[in-house]
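Residue numbers for the sequence shown, in numbering that gives the first Met the number 0: 0 to 86. Okay, so here's the structure we're looking at.
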Amino acid sequence: MNVCSLIVHAHPEQSGAVVRRLEEFPGVEVHGGGETGKLIVTVEDTDEDSVADTMMAFNAVEGVISSILIYHYGGDDLDQEVIRESN
Numbered sequence: 000m001n002v003c004s005l006i007v008h009a010h011p012e013q014s015g016a017v018v019r020r021l022e023e024f025p026g027v028e029v030h031g032g033g034e035t036g037k038l039i040v041t042v043e044d045t046d047e048d049s050v051a052d053t054m055m056a057f058n059a060v061e062g063v064i065s066s067i068l069i070y071h072y073g074g075d076d077l078d079q080e081v082i083r084e085s086n
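This is the structure in structure tokens:
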């Protein structure tokens, strides 16, 4: 499992629409920053896409200026923790 956090820069006047579009991606959560256009975003792997594919897709979203990777964690221990919690 991979988990990443990013800052996604959006045009401030379009940030509300950008937030809605980003949250349509599986595994994506927007945690704030919509007022300034500097969105705090987390991305997790899903069955459909890797975090890398999802992050690359952000650049095609209308209103996005750029995205910057802030943190990445990848490891099997997260997968094992999810399995333990589901049992």
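Note that CB positions come from ideal geometry on N, CA and C, so glycine has one too.
- In terms of Cα proximity to Leu68, the closest of Asp46, Ala51 and Asp44 is Ala51.
- For the region 3-67, the continuous alpha helix (DSSP H) assignments of 4+ residues that do not extend past its boundaries occur at 14-21 and 50-57, in sequence order.
- A direct Cα-Cα distance of roughly 10 Å separates Gly33 from His10.
- Of the other Cβ atoms in all chains shown, 16 or more fall within 10 Å of the Cβ of Ser14; this residue is therefore buried.
- Judged by their CB atoms, Met0 and Asp48 are not nearer to each other than the 7 Å cut-off.
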